[in-house]
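J.: Attaching a single structure in structure tokens format; questions to follow.
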Amino acid sequence: MEHDRLVRTMEAILGPEGVISEREQLRSYECDGLMNYRVIPELVVLPETAEHVQQIVKLCYDEGIPFVARGSGTGLSGGALPVESGVLIVLSRMRKILEVDIPNQRVVVEPGVLNMWVTNEVAEHGYYYAPDPASQLISSIGGNLAENSGGVHCLKYGFTTNHVMGAEIVLPDGTMVNVGGGKAPDAPGYELLGAFVGSEGTLGIATKITLRIVRKPESVRTLLAAFKDTEEAGGAVSGIIGAGIVPAAIEMMDSLCIEAVETAVHPGFPQAGAILIVELDGPKAEVESQFEQTVRICEENNASEIRIAEDDTERALFWKGRKASFAAMGRISNDYYVQDSVVPRTELGKVLKRISEIGEEHGMRVANVFHAGDGNLHPLVLYDNNVPGEAERAEDVAGEIVLTCLEHGGSLTGEHGIGVDKKKYMPKMFATEDLDTFQLLRCAFDPHQICNPGKVLPTPRLCGERPGPFRMHPVQKAGLAENF
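Everything in the sequence shown is counted per the working numbering, starting at -8 for the first residue and increasing by one.
As structure tokens, this is what we get:
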């Protein structure tokens, strides 16, 4: 289908206000939160209903046009990077909270609903939505589902997959299906919902999502502890977990990160080599006992200062500083490249030391802010894109950090996803047979590979059939000779 006819057909579905085709306007959608990769899509469409999404996808399927779903665009792995010859389906107008069912502890939402809105909607009933990525003020539930996002409280409460109970999905051929149990605690049959959550938009598009909400705890206690360096702070983390305490959150920030957030949002953090923010919640008697133990463990690991949040205002200030850390980097660096690997807690000290050495070897600063409780690192490689070669050096540093994490028994990603950014490292973690098995699943959902093509898997893999008239992504085209 030629371009003008495609535009007219989409306008017939959505109206002229739901289609963006001017090149200068399309540039607004050329990347997600990872700006190192940029592709201008052929067309951007803004559906307002599930039926719109279904019609758009069916048209793309019939015409062989690749498509990519996008929410708020806050992803950090290039997972929502457009396809040059394809359609970008932006779900930001689908922002209805469809149902709030307090007795069953469920909320049903459209994919464009922002993360924080769910908690705001149920707060008066004494409930909240547990997954809380740092971007929760602007990131959407659909994107959280695609990447299986976590957040600072994932140590105790788990990731998005633990809180999504069901989903209405438009498959790559335009078929609409429902997976999961919805309001029921479980559902018979294959566990397709678990495969879909975290599939990075490669298996279909969620148009309705049923979430589990949890009751607010009886008691919440939060402390901030300052240390000479990340090694001592890491010792406190190991001590807390080793004592059998499972905090709601343990977050670590190093000196560079502290400097940035102090300049940006002024949380009043102490000058230190590293700080920990530790939060406990649950029954009051249990929290009080474990909180005293946590304070003692921090002292035993040479904490130079311990601040205890005396009220919700002070607690919110601690978290404001932590959650502003990525955005605050603009105060100390023109650009940054963020990684998202995971290591066992016992390896934190060794890996952090090696990250520092890698930065020194390349003459680049690396700031560290991360979920210390579950070893999910977020090293931020600071650079200046205006200096020739620095962006490439930053990517090299980030790559060495990823490989270091793998060498210490870690994983490529904790919550940001593979996308286009880390797919080249997949063979370092998985055997060819593993990757082929991933592809079998993908082919079952999307045999023509028009749904977010070119993401996650490292080399072009087709599904045993030539795409025929399909508008292949350039990466797919390059791989035809290899596969046939």
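C-beta: ideal position from N, C-alpha, C; glycine also.
Classify residue 3: buried if its beta carbon has 16 or more other beta carbons within 10 angstroms, exposed otherwise.
T.: Exposed, because fewer than 16 other Cβ atoms sit within 10 Å of the Cβ of residue 3.
J.: May I ask you to report which of helix, strand or coil DSSP gives residue 429?
T.: Note: residue 429 maps to helix in three-state DSSP.
J.: Can residue 230 and residue 292 be called in contact, C-beta distance under 8 Å?
T.: Closer than 8 Å, so yes.
J.: Counting beta carbon pairs with one atom in the region 93 to 112 and one in the region 197 to 206, are three or more of them shorter than 8 Å?
T.: Contact holds: three or more Cβ-Cβ distances are below 8 Å.
J.: If we ignore side chains and look at the alpha-carbon of each, how far apart do residue 289 and residue 148 end up?
T.: The alpha-carbon atoms of residue 289 and residue 148 are separated by roughly 23 Å.
J.: Mind checking residue 461: buried by the 16 CB within 10 Å criterion, or exposed?
T.: Residue placement at residue 461 is poorly supported in this model, since its pLDDT is 49, which falls under 50; the coordinates still yield a value, given next. Burial call: buried.
J.: Hey, quick one: how far does the beta strand (DSSP E) through residue 317 stretch, first residue to last?
T.: First-last for residue 317: 316 to 319, but that is the alpha helix (DSSP H), not the beta strand (DSSP E).
J.: In the region 262 to 343, which residue ranges form an unbroken beta strand (DSSP E) of at least 3 residues, counting only runs that do not cross its ends?
T.: The qualifying runs are 265 to 273, 296 to 299 and 326 to 329.
J.: Whose C-beta lies closer than 7 Å to the C-beta of residue 44 among residues of the same chain, with five residues either side of it excluded?
T.: Only 38, 80, 161, 196 and 198 meet the Cβ criterion.
J.: What are the uninterrupted segments assigned as alpha helix (DSSP H) that are 4 or more residues long and contained completely in the region 89 to 120, given in chain order?
T.: Those alpha helix (DSSP H) runs which fall completely within the region 89 to 120 and span 4+ residues are 106 to 113.
J.: Locate the alpha helix (DSSP H) running through residue 361, then write down its first and last residues.
T.: From DSSP, residue 361 is part of no alpha helix (DSSP H) but of the beta strand (DSSP E) over 357 to 362.
J.: Which runs of the beta strand (DSSP E) spanning at least 3 residues fall entirely within the region 213 to 269, listed in chain order?
T.: 240 to 245, all fully within the region 213 to 269.
J.: Kindly indicate which residue of 32, 155 and 1 has the alpha-carbon position closest to the one of residue 50.
T.: Of the listed residues, the one whose Cα sits closest to residue 50 is 1.
J.: Just mark residue 373 as buried or exposed, buried being the case when its beta carbon has 16 or more other beta carbons within 10 Å.
T.: Its Cβ being crowded by 16 or more others within 10 Å, residue 373 is buried.
J.: When the Cα of residue 236 is compared with those of 429, 146 and 340, which residue comes out closest?
T.: The option with the nearest alpha carbon to residue 236 is 146.
J.: Just to confirm, is the Cβ distance from residue 82 to residue 103 under 8 Å?
T.: Result yes, Cβ atoms of residue 82 and residue 103 sit closer than 8 Å.
J.: Helix, strand or coil: how does DSSP classify residue 499 here?
T.: Residue 499 lies beyond the stretch modelled for the chain, which goes from -8 to 475, so this question has no answer here.
J.: Taking residue 332 as the reference, which of 416, 11, 433 and 446 has the closest Cα?
T.: Checked all of 416, 11, 433 and 446; the closest Cα to residue 332 is 416.
J.: Residue 150 and residue 170 look like a contact to me (Cβ under 8 Å); what is the Cβ gap, rounded to whole Å?
T.: Their Cβ separation, rounded to whole angstroms, is 18 Å, which puts residue 150 and residue 170 out of contact at 8 Å.
J.: Drop a sphere of 10 angstroms on the beta-carbon of residue 280, count the other beta-carbons inside from all chains shown, and report buried for 16 or more, exposed for fewer.
T.: Its Cβ having fewer than 16 others within 10 Å, residue 280 is exposed.
J.: Could you check whether residue 343 and residue 226 sit closer than 8 Å to each other, using their CB atoms as the reference points?
T.: No, Cβ-Cβ distance for residue 226 and residue 343 is not below 8 Å.
J.: Kindly indicate which residue of 213, 365 and 276 has the alpha-carbon position closest to the one of residue 232.
T.: If we check each option's Cα against that of residue 232, 365 comes out closest.
J.: Which residue wins for smallest C-alpha separation from residue 40, given the options 19, 9, 14 and 402?
T.: Nearest of 19, 9, 14 and 402 to residue 40, Cα basis: 9.
J.: So what does DSSP say about residue 418, is it helix, strand or coil?
T.: Here residue 418 sits in helix by DSSP.
J.: Does DSSP classify residue 385 as helix, strand or coil?
T.: Residue state, collapsed to three classes: helix.
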